[in-house]
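In short: position in the sequence shown from 1, add 40, done, that's our numbering.
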Amino acid sequence: MTSGTTPGLARFNTSADSEALAALHEVCSSSAWGSKILAQRPYTTAEALFLAGDAAMAELTAEDLAEAMAGHPPIGRPKAGDPTSSREQSGMAAASAELKTEMLELNLAYQDRFGHVFLICATGLTGEQMRDALRQRIGNSPDEEREIVRTELGKINRIRLNRLVEEESSA
């Protein structure tokens, strides 16, 4: 194997387009993003895949970003049966009832202001850190917030792509 190639990356490179697109959709629900990543296979290293993901994220239109955000549940309310979001939002699991209620109220206010869920790379953050970020970002302009969301989605995608290429098997 080439240096930097993992069994997961090799599997991704050689899987059928439909399987690879399904895996990419689990990373990011933007079909434009997934199509751009798929079109550049095979990747020689995980870093090459990450860079392609970053470049594809930078090119997403507002509509593509909306599609990507639609795949993310609100902070503190991951969908049942969604282990990825539950793991990423684990900082809210131990939050007090008061903090969860505050997050719900802030999420709704944010959604009313921007028309989409509050999106943050929640991996490793506490409930309080997520709340504080939401409080700070709710005052942003829509243009500022769209670019912050793009950056946060990029961070999430990298974490998820890393998990994809590090998997030993697809089971």
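Idealized CB from N, CA, C, for every residue including glycine. Treat the numbers as computed from the prediction; the structure is a model and nothing was measured.
Proximal residues to residue i (C-beta, below 7 angstroms), its chain only, five neighbours per side dropped
| i | result |
| --- | --- |
| D57 | L78 |
| L165 | G131 |
| S210 | Reliability fails at S210, whose pLDDT of 46 lies under 50, so the model's placement of it is uncertain and the value that follows must be treated cautiously. Closer than 7 angstroms at Cβ, skipping near neighbours: R51. |
| H65 | G74 |
| R171 | L139, E142, M143, L146 |
Beta carbon of residue i nearer than 7 angstroms to that of residue j
| i | j | result |
| --- | --- | --- |
| S70 | A98 | no |
| I160 | A173 | yes |
| F90 | L204 | no |
| F158 | I115 | yes |
| E185 | F154 | yes |
| D104 | A60 | no |
| D94 | G179 | no |
| E206 | T46 | yes |
Element boundaries [alpha helix (DSSP H), containing residue i]
| i | result |
| --- | --- |
| L146 | 137-154 |
| I188 | 182-206 |
| R177 | 167-177 |
| R81 | That residue, R81, is in no alpha helix (DSSP H); it is neither H nor E in DSSP. |
| A162 | Per DSSP, A162 belongs to no alpha helix (DSSP H) and is neither H nor E. |
| F158 | Careful: F158 lies outside any alpha helix (DSSP H) and carries neither H nor E. |
| E107 | 102-110 |
| P113 | Run containing P113: none; DSSP gives neither H nor E here. |
Contacting residues, own chain, Cβ-Cβ under 6 angstroms from residue i (five flanking each side not counted)
| i | result |
| --- | --- |
| G167 | G131, M132, A135, L139 |
| I196 | C161 |
| C68 | A108, N197 |
| H156 | M109 |
Beta-carbon proximity list for residue i, same chain, < 8 angstroms, skipping 5 on both sides
| i | result |
| --- | --- |
| Y83 | L49, F52, N53, L89, A92 |
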